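Heads up: the structure comes next, in structure tokens.
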Amino acid sequence: MVVIWRNFARVYGLKSKAQAAGKIDEFFSFVARQATVEPSQIKTIRTDGGTEFVNRDFRRIVAREGIRHQHFNPHSSFQNSTAERAIRTLTEMATAMMVGSALPHYLWEEALKHAAYIHNRVLHTGENEMRSSRMFSVPPDLSRLPVFGQAVAVRIPDDVRRKRFRIRGRAKRGAFIGMSNEVRGFRIYTPGDGRRITESRDVTLLDSVLLERISVRHISHVMIALTEVIREPLNMSEARRSKQWPYWHDAVKEELAALEEYDTFELVDAPENELALDNTVQFRVKVGSDGAITRYKARVRARGDRQVYEIHYLITYAPVAALATVRVFLVLVDKFNLHVRQGDAPSAYVKAELRERVFMRQGKGFEKAGHERKVWRLRRPYMASNKPAVPGTWSSTAS
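Taken in order, the sequence shown gives residues 1 to 399; the numbers are from full-length UniProt numbering.
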């Protein structure tokens, strides 16, 4: 059962329709105790015409609270469009979680509850604050929220380990399926355990994102080697912690050497009244047609998102070549009966001249020895920079 109030959604699991009235009463108590919005503002409750809502217990609860009960006509769900749309959104989110996590289908209720948890804590179109913040006046923090179905290691308490043999390990493997309402911790699904759903705060997130279904049949070492997937780091910190760090380190050094070869920058003292952009590194794994890894690629980029519109830049449109240049090129092709082939200009952005003053900090861990406090002054357009001259520099060079 999904209850919607002020667009705030709460999901209750029902073993029978007779429990609906009690869950509604529980929701009224929850709002009265926890919400910062006065519960007296609940004046009307709208439901469908199901027997779980049209019965003596339900009428007694709404009469006690002084709330008017309205139920819409059969086959007229549009009369309760707010609740129906919210239920559809939560159902689609839960379906995506179940498909992506490959967890057993009987965990669909957990997926629906977690969908409501996220839905209440993200910003929606037309709203200036999150729904949970409006209800409880507490800003939510989703920065450390695991992905539904993410593999986790749940610590086994020491007193439990003493009853068992200690050589069985300090933790057991499970999958994250939501946040607990009863304790400050996570709800964890542990396959093969007698009590499959537990709640714990002593949880360590594993590198694998999803709990995978693995067949019990034998898998050869050759197949495992061929199907191994290298996770691309999102930032330099993840790259340093990964097993492939020596390859990523060489890729960054190769990228910096290429930038220096193309005379992309010069080391200067940090300007006092100029913005020095931060930088980031994007890591990519290049794979051949046979699925084998051919190259570890790193791209150092300036954080153009730190620039402010109308202060540091005005336009971001970046044409490749002027239309007149393209027309002249096609005329020459037709006149001399030539063939046209599509190609790519490697590192095109760093081959055009930059006329604007753009500064960027050196990458952490890759500073020039003896010049750690200096910054780069970019001589050529740098990816992700929004300076006015940057978007058109390669177009001018190509034209």
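Every residue, glycine too, gets a C-beta built ideally from N, C-alpha and C. Fair warning: this is a prediction, and the values are worked out from it, not measured in the lab.
Next on the checklist: Which same chain residues end up closer than 6 Å to Leu-211 when comparing Cβ atoms and leaving out the 5 residues on each side of it in sequence?
Outcome noted: With a pLDDT of 48 at Leu-211, under the threshold of 50, the modelled position of this residue cannot be trusted, and the question is left open.
Checklist entry - Along the chain, where does the alpha helix (DSSP H) that runs through Arg-88 open and close? => result Note, Arg-88: alpha helix (DSSP H), 81 to 101.
Next on the checklist: If contacts are defined as beta-carbon pairs under 8 Å, then Phe-359 and Leu-275 qualify, I think. What distance do you get, rounded to the angstrom?
Outcome noted: 7 Å
Checklist entry - Going by other Cβ atoms of all chains shown within 10 Å of its Cβ, with 16 needed for buried, is Ala-18 buried or exposed? => result exposed
Item to check | Phe-78 to Glu-129 span [Cα, whole Å] | outcome: About 27 Å.
Item to check | Cβ separation of Asn-279 and Val-300, assumed to be a contact under 8 Å, to the nearest whole Å | outcome: With a beta-carbon spacing of about 6 Å, Asn-279 and Val-300 fall inside the 8 Å limit used to define contacts.
Checklist entry - Just how far apart, CA to CA, sit Val-376 and Lys-297? => result A quick correction: the sequence has Trp, not Val, at residue 376. Taking the straight line from one Cα to the other gives about 22 Å.
Checklist entry - Tell me, which residues are paired with Ser-29 by DSSP? => result Answer is none; Ser-29 lacks a bridge partner.
Item to check | Simplified DSSP assignment, three categories, for Leu-378 | outcome: strand
Item to check | For Arg-64, the three-state DSSP class (helix, strand or coil) | outcome: helix
Item to check | Same chain, Cβ closer than 7 Å to Arg-241, neighbours up to 5 away in sequence not counted | outcome: none
Item to check | First and last residue of the uninterrupted alpha helix (DSSP H) at Arg-241 | outcome: 236 to 241
Next on the checklist: To the nearest angstrom, how far is the alpha carbon of Val-203 from that of Arg-144?
Outcome noted: 12 Å
Next on the checklist: As a quick exercise: from Lys-374, Asn-181, Val-99, Val-154, pick the residue whose alpha carbon is nearest that of Pro-191.
Outcome noted: Val-154
Next on the checklist: Checking 9 Å against the spacing of the C-beta atoms, do Ala-83 and Val-31 come in under that value?
Outcome noted: no
Next on the checklist: Please identify the residue among Ala-9, Glu-372, Glu-52 whose C-alpha is closest to the C-alpha of Ser-16.
Outcome noted: Distances from the CA of Ser-16 to each of Ala-9, Glu-372, Glu-52 were compared; the closest alpha carbon is that of Glu-52.
Checklist entry - Going straight from the alpha carbon of Gly-49 to that of Pro-74, what length do you get? => result Straight-line Cα distance between these residues: approximately 7 Å.
Next on the checklist: Please report the distance separating the alpha-carbon of Ala-21 from that of Lys-243.
Outcome noted: 54 Å
Next on the checklist: If contacts are defined as beta-carbon pairs under 8 Å, then Val-268 and Lys-368 qualify, I think. What distance do you get, rounded to the angstrom?
Outcome noted: Not quite, the Cβ-Cβ distance comes to about 12 Å (not below 8 Å), so this is no contact.
Next on the checklist: Less than 9 Å between the C-beta atoms of Tyr-189 and Glu-110, yes or no?
Outcome noted: yes
Checklist entry - How would you call Leu-112, buried or exposed, if buried means at least 16 neighbouring beta carbons within 10 angstroms? => result buried
Checklist entry - Which residue or residues does DSSP assign as beta-bridge partners of Ser-200? => result Phe-186
Checklist entry - How about Val-285 and Ile-293: are their beta carbons less than 9 Å apart? => result yes
Checklist entry - Nearest-angstrom Cα distance between Val-54 and His-71? => result So the alpha carbons of these two residues sit roughly 9 Å apart.
Checklist entry - Hey, quick one: how far does the beta strand (DSSP E) through Lys-297 stretch, first residue to last? => result Element bounds for Lys-297: 293 to 302.
Checklist entry - Is it right to say Glu-255 is buried, meaning 16 or more other beta carbons lie within 10 angstroms of its own, or is it exposed? => result Classification for Glu-255: buried.
Item to check | Distance CB(Arg-6)-CB(Arg-134) smaller than 9 Å | outcome: yes
Next on the checklist: So for Leu-323, helix, strand or coil by DSSP?
Outcome noted: helix
Item to check | Given Asn-235 as reference, the closest of Leu-123, Pro-139, Lys-364, Arg-33 once Cα atoms are compared | outcome: Lys-364
Checklist entry - Should Val-340 go down as buried or exposed, given a rule of 16 or more other Cβ atoms within 10 Å for buried? => result exposed
Next on the checklist: So, with DSSP's three-state summary, where would you put Val-2?
Outcome noted: strand
Item to check | Leu-123 in three-state terms, based on DSSP | outcome: coil
Checklist entry - From what residue to what residue does the alpha helix (DSSP H) around Val-252 run? => result DSSP places Val-252 in the uninterrupted alpha helix (DSSP H) bounded by 245 to 261.
Checklist entry - Among the residues of its own chain, which have a CB less than 7 Å from the CB of Gly-288, if the five just before and after it don't count? => result Thr-294
Item to check | Close beta carbons around Tyr-117, own chain, < 7 Å, minus the five adjacent residues each side | outcome: Gly-178, Met-179
Next on the checklist: Let me check one thing: in DSSP terms, what residues is Asn-279 bridge-paired to?
Outcome noted: Ala-302
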